[in-house]
Amino acid sequence: MSIDLFQVFVIRNLIGCHLACNLRDAKCMIRKRDPIIWEVLREVMRGHPVLLNRAPTLHRLGMQAFQPLLIEGRAIRLHPLVCGGFNADFDGDQMAVHVPLSLEAQIEARLLMFSHINLLSPATGDPVSVPSQDMLLGLYVLTIENRQGIYQNRHAILVDRAHTYPIKIPYFSSYCDLLRAQESKQVDLFSLSWLRWEIDMQIISSKIRELPIESQYESLGTSFHFYETYRVRKCKKGYSSNMYVLTTAGRILFNQQLKEALQSVSKPAVCIGGNNIHSLAPEVI
């Protein structure tokens, strides 16, 4: 399907790059599916957006522009977040694909019709690209933890009635160590792990003012304070020297992906209040 949509541009590139002598040779190469055709097609697709339309077109969001990617098969793969504007779902809906030919049409598609520009409904102003139930369920499963209530720190592996192995929650010093252990099957996405946390990073807790469950003091003045989901080691002067949080590999993976996504699309904003100008930037906790 892609070679039919961009056939005119592929033929022009084949002749322009002296890969084909004339129009007849270029069409013959396309018909024989010469391997060089796919490289030329990828180069053409990088510079040409496509328009998707699902009938009936009831509002402006019924036709949006996208940057195409070459894949195998004849099905159109669409991101689930943009299905709300088309009022489409994944039960066999048909959509029409259009290629803007003129330079003016391509500029209009890039500046006015790209999906990342049309995030709000023009009629009500409400967001159109909102997570569906499947996405929320997937995020819930990714961030769930394998807790066993008050028995989570007791005996997990029962060898026989007389011998058991106690649970030992592993410690990790960084994101990379925890994710590497998950990839090597040492821990799973839902098993609890202690992760070394930065002192200056805030911890989100369900309790506003959480008191420590247990505090231990040593003879040198250092102290250990244990909370429900984290533990803090303080020096003699009362400053926090290190901190460990109780988390899972799935939550770390979600937090890492969220942080990278926000950093790639966010730009510092400027807020003017009174005589002060403050630079605002999103922060991931």
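Just so we're aligned: 51 in full-length UniProt numbering is position 51 of the sequence shown, and the numbers increase by one with no gaps anywhere. C-beta: ideal position from N, C-alpha, C; glycine also.
Between residue i and chain B, is there a C-beta pair that is closer than 8 Å?
{"i": "Asp89", "result": "Among the protein chains of the structure shown there is no chain B, as only one such chain exists."}
Where does residue i land, buried or exposed, given buried means 16+ other C-beta within 10 angstroms?
{"i": "Phe172", "result": "buried"}
{"i": "Met1", "result": "exposed"}
{"i": "Ile252", "result": "buried"}
{"i": "Arg54", "result": "buried"}
{"i": "Tyr140", "result": "exposed"}
{"i": "Leu14", "result": "buried"}
{"i": "Gln182", "result": "buried"}
{"i": "Tyr239", "result": "exposed"}
{"i": "Tyr244", "result": "buried"}
{"i": "Tyr217", "result": "exposed"}
{"i": "Pro127", "result": "exposed"}
{"i": "Arg31", "result": "exposed"}
{"i": "Val44", "result": "buried"}
{"i": "residue 287", "result": "Residue 287 lies beyond the range of the chain shown here (1 to 285); nothing can be said about it."}
{"i": "Gly138", "result": "exposed"}
{"i": "Gly125", "result": "exposed"}
{"i": "Ala261", "result": "exposed"}
{"i": "Ala123", "result": "exposed"}
{"i": "Arg33", "result": "exposed"}
In terms of alpha-carbon separation, which member of the options lies closest to residue i?
{"i": "Pro68", "options": "Leu78, Asp34, Ala88", "result": "Leu78"}
{"i": "Ala20", "options": "Leu112, Asp93, Gly73, Val40", "result": "Val40"}
{"i": "Ile144", "options": "Phe114, Ser193, Tyr175, Glu108", "result": "Ser193"}
{"i": "Arg46", "options": "Glu72, Lys27, Val10", "result": "Val10"}
{"i": "Thr222", "options": "Tyr230, Cys17, Lys236", "result": "Lys236"}
{"i": "Gly84", "options": "Gln64, Arg12, Arg110", "result": "Gln64"}
{"i": "Phe114", "options": "Ala26, Thr124, Pro35, Ser129", "result": "Ser129"}
{"i": "Phe254", "options": "Leu142, Ile30, Arg42, Leu5", "result": "Leu142"}
{"i": "Leu6", "options": "Leu101, Ala88, Leu111", "result": "The sequence given here has Phe at residue 6, not Leu. Ranking the options by Cα distance to Phe6, first place goes to Leu101."}
{"i": "Ala96", "options": "Pro80, Arg74, Lys168", "result": "Arg74"}
{"i": "Val82", "options": "His48, Ser132, Thr124", "result": "Ser132"}
{"i": "Met135", "options": "Glu260, Gly16, Pro80, Gln263", "result": "Pro80"}
{"i": "Lys168", "options": "Asp177, Leu246, Gly125, Leu112", "result": "Leu246"}
{"i": "Asn87", "options": "Pro56, Leu112, Gln263", "result": "Pro56"}
{"i": "Leu112", "options": "Thr124, Gln257, Phe66", "result": "Phe66"}
{"i": "His48", "options": "Val8, Cys28, Glu72", "result": "Val8"}
Looking at residue j and residue i, is the spacing between their C-beta atoms short of 8 Å?
{"i": "Leu179", "j": "Thr248", "result": "no"}
{"i": "Arg233", "j": "Phe226", "result": "no"}
{"i": "Ala18", "j": "Leu51", "result": "The residue asked about is misnamed: residue 18 is His in this sequence, not Ala. For His18 and Leu51, no; Cβs fall outside 8 Å."}
{"i": "Ile76", "j": "Ile37", "result": "no"}
{"i": "Ser174", "j": "Arg196", "result": "yes"}
{"i": "Glu210", "j": "Glu198", "result": "no"}
{"i": "Arg42", "j": "Leu70", "result": "yes"}
{"i": "Pro212", "j": "Val187", "result": "no"}
{"i": "Asn146", "j": "Ser191", "result": "yes"}
Which ranges does the alpha helix (DSSP H) cover as unbroken runs of at least 4 residues, wholly within the UniProt domain "RNA polymerase N-terminal" (1-143), from first to last along the chain? 2-5, 7-16, 23-31, 35-46, 83-86, 103-112, 133-143
Kindly confirm or deny that the region 111-123 and the region 56-66 touch, where touching means at least three C-beta pairs closer than 8 Å. yes
Would you say the region 83-95 touches the region 103-110, given that touching needs at least three Cβ pairs under 8 Å? no
What are the uninterrupted segments assigned as beta strand (DSSP E) that are 3 or more residues long and contained completely in the region 217-259, given in chain order? 223-226, 230-234, 240-248
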